[in-house]
Each structure stands twice: as C-alpha cells, then as structure tokens.
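Student: Just passing along the structure, written as structure tokens.
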C-alpha cells in the first residue's frame with residue numbers, strides 16, 4: 001500500500017524543504033539540546049533555540065534567542081529578542097530586541113535596547129535600558145539607566161537608577177532616590193495596581209520571536225506525530241483521505257457531518273457525565289473527540305498535500321511528502337491573524353466528519369456481512 005522508503009524519513013531533508021516553503025521573513029533556526037556554549041569568537045546567523053542544564057552564549061547571535069535550562073548566561077550580542085527561562089539567569093552584553101526573563105535568581109547588566117520584562121524571586125539589575133522596564137520579583141536591586149518608565153511589583157526594592165519616565169512601585173518596602181526620577185514616582189501598597197495601569201502595555205511584537213520559535217518546534221513535532229500515524233495506520237489514512245479529496249461533494253459531506261457532530265455531541269457527553277454508569281463512555285468519547293480535533297487534523301493536512309501533488313502530476317506512493325506540504329501550508333496560513341482561527345476550525349471539522357464517515361462505512365459493511 002505504502003512504499004516506505006527511508007528517504008522520506010530523513011529529517012534533515014524535511015528541514016531543508018521546510019525552510020524553502022516558509023516565508024522569507026521567518027529565519028532558519030539553530031536548535032541545540034544539552035549543555036551548550038557559544039564562545040566569544042563564534043557567530044550564529046540564525047535564531048538560536050537551546051534547551052539544557054548549563055547554557056552559555058558569549059558570542060554573536062544574529063536573530064532571536066530562546067533558552068530554557070538550569071544555569072543560563074547570555075553575555076554576548078543578540079540582534080533580536082531574547083526569551084530566557086531558567087533557575088539562575090545572567091544576562092549581559094548587548095541585546096537589540098526585547099528581553100524577557102523568568103528565573104529564580106536573575107542578574108542583568110549590559111545594554112538592552114528594547115523593553116525588558118523580568119519575573120523572578122531575586123533580581124539584580126545594573127544595565128542601560130532603552131525603553132521600559134517591568135519587574136515582578138521578591139527582592140530587587142536596581143542601578144543603571146532606564147530611558148522610559150519602570151513598573152515594579154515587589155516585596156522589597158532598592159533603586160539608585162536614573163529613570164527618564166515614571167517610576168511605579170507596587171509594594172510598601174522600597175528605597176528610591178526621587179532626584180533620579182525625571183517623571184513621577186508613584187507608589188501603591190498593592191502590587192496588582194502596577195499591571196492595571198493604563199500605561200502598561202505588553203504587545204504582540206514583544207513575543208514575535210518566541211511565537212516563531214514555537215511555530216517551528218510545533219511544525220517538527222506534529223510532523224513526527226503525523227509520520228507515526230501514517231506509518232501505523234496506512235489503510236485508515238487512505239480511507240480518510242478519500243472522504244476529503246475524492247470530490248467536492250465528499251469534502252462538503254465531511255465538513256457538514258463534522259459540523260453537526262462537533263456541535264451536537266457536547267450535550268450527550270454532558271448528560272452521560274452526570275451519570276455514574278455513562279461517565280466512562282463520556283470520557284472515552286471526549287478523549288476521541290479531542291484526539292481527532294488536535295492530532296487527527298494531520299490526516300486532513302496529508303490529504304491536502306496529496307491533492308496538490310496530484311494537481312501538479314507528481315506521483316507519490318507514500319504520504320510523507322504530502323504531509324510535509326500540508327503541514328507547511330497550515331503553518332503559513334496560521335500566521336494570518338483573521339484566517340487562522342477559521343482555517344483551524346475548518347480543518348478539525350473536516351477531519352472529524354471524514355473519520356465519522358469512515359467509521360459509518362465500516363459499520364455498514366460489517367452489518368452486510370452478517
């Protein structure tokens with residue numbers, strides 16, 4: 001049924017095709033796991049995503065940096081945004097984009113050109129910051145300069161920083177030299193008031209690099225899941241595919257049935273959950289529904305990719321290249337704000353309808369044999 005040639009499973013090839021298919025605005029990314037060190041003489045000309053216990057980035061990264069680990073040091077130059085999640089975090093050097101840091105103990109120095117966001121237990125900052133600084137921490141020691149506003153929610157704060165804008169502190173234990181604040185020094189005992197301020201803005205652009213990173217990781221992860229589904233259930237994959245791309249009538253039938261099932265099942269599931277006898281069945285149905293709407297859409301993406309190959313008269317015995325094309329299309333479409341939600345819902349509905357139709361045909365066939 002499927003010609004499972006090894007070449008379709010080569011991830012390096014898939015990565016190259018992905019880079020070719022994605023928009024040029026999405027840079028390639030270097031992904032590293034385990035202990036990682038980038039020395040001062042080294043340059044990474046892509047986004048850098050690292051996960052490991054001990055991470056040190058002392059060189060130049062021409063892109064965004066996303067790092068998760070125990071001990072993280074970023075004291076090189078980063079031209080994009082940095083998103084750091086660790087236990088002990090040290091940030092220095094030059095960061096040209098936004099800085100977002102979460103950790104137990106955070107130390108920040110150097111020059112940070114855009115907005116800085118910090119969430120930690122203990123925070124020590126002595127840096128030159130080009131825009132706003134927002135901190136939620138247990139203890140804060142702040143020095144250096146902040147060009148715009150500072151917002152701090154803290155249990156204890158000490159600051160001798162030069163502040164070009166306003167300084168808003170949520171907490172009742174602080175030491176601040178008002179002469180260093182060119183705007184207003186605003187204090188409130190309630191830390192929540194810091195983030196309820198009308199001037200507080202956390203924009204989507206601050207998370208742009210992080211979202212792109214998640215998109216790439218999601219693409220690779222879901223492709224692997226899809227390859228496993230196709231490999232383990234090739235017959236079912238073809239059956240579902242036929243219910244989607246054989247004709248426009250099949251596509252519309254799958255969409256209509258999926259829509260009906262999606263909006264009528266919740267009530268019976270809820271009623272079954274109210275009974276002790278029906279609760280296990282309800283949970284089983286709910287689990288299948290969630291699986292189909294989340295992972296089952298891979299079948300629809302594979303069908304979509306195969307249809308494109310058919311239209312271009314490209315022959316493929318397997319479905320791994322089809323899945324790659326379908327996944328790439330989904331990634332690109334989901335980057336479009338308004339269309340993204342409609343596309344995702346439609347994909348889930350079509351998949352659900354196709355699966356229901358396949359199951360119904362199997363049931364009817366089994367009934368005939370009896």
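In the working numbering, the protein residues as written are 1 to 370.
Just so it is clear, CB atoms sit at the ideal spot from N, CA and C, and this is done for glycine as well.
For clarity, every value in this text was computed on a predicted model and none was experimentally measured.
Which residue wins for smallest C-alpha separation from residue 108, given the options 123, 243, 59 and 258?
Tutor: 123
Student: How should residue 11 be labelled, buried or exposed, when 16 other C-beta atoms within 10 angstroms of its C-beta is the threshold for buried?
Tutor: Model confidence at residue 11 stands at a pLDDT of 41, short of 50, so the residue's coordinates are unreliable and nothing is read from them.
Student: I'd like the span of the beta strand (DSSP E) that includes residue 287, first residue to last.
Tutor: Per DSSP, residue 287 belongs to no beta strand (DSSP E); it is in the alpha helix (DSSP H), 279–294.
Student: Between which two residues does the alpha helix (DSSP H) containing residue 328 stretch?
Tutor: 320–333
Student: Taking just the CA atoms, how far does residue 34 sit from residue 335?
Tutor: 30 angstroms
Student: How many Å lie between residue 374 and residue 338 at the Cα?
Tutor: Past the boundaries of the shown model lies residue 374; the chain is included only from 1 to 370, so the question cannot be answered.
Student: Contact check, residue 187 vs residue 169 under 8 angstroms by CB: the rounded distance?
Tutor: 5 angstroms
Student: I need the straight-line Cα distance from residue 353 to residue 365, nearest angstrom please.
Tutor: CA-to-CA, the gap between residue 353 and residue 365 works out to about 18 angstroms.
Student: Applying the criterion that 16 or more other CB atoms from any shown protein chain within 10 Å of the CB defines a buried residue, is residue 275 buried or exposed?
Tutor: Classification of residue 275: exposed, given that the 10 Å Cβ count is below 16.
Student: Who does residue 56 pair with in a DSSP beta bridge?
Tutor: 37 and 73
Student: For residue 129, count neighbouring Cβ atoms within 10 angstroms of its own Cβ and tell me buried if that reaches 16, exposed if not.
Tutor: buried
Student: So the beta strand (DSSP E) residue 136 belongs to, where does it begin and stop?
Tutor: 133–146
Student: With DSSP as the reference, label residue 237 as helix, strand or coil.
Tutor: helix
Student: Please state the DSSP three-state secondary structure of residue 87.
Tutor: Reduced to three states, the DSSP call for residue 87 is strand.
Student: Is the segment 315–333 touching the segment 264–272, taking contact as three or more C-beta pairs under 8 angstroms?
Tutor: no
Student: CB-CB under 6 angstroms to residue 88, same chain, minus the five flanking residues each way: which ones, in chain order?
Tutor: 71 and 105
Student: Considering only the beta carbon of each residue, do residue 78 and residue 96 sit closer than 9 angstroms?
Tutor: yes
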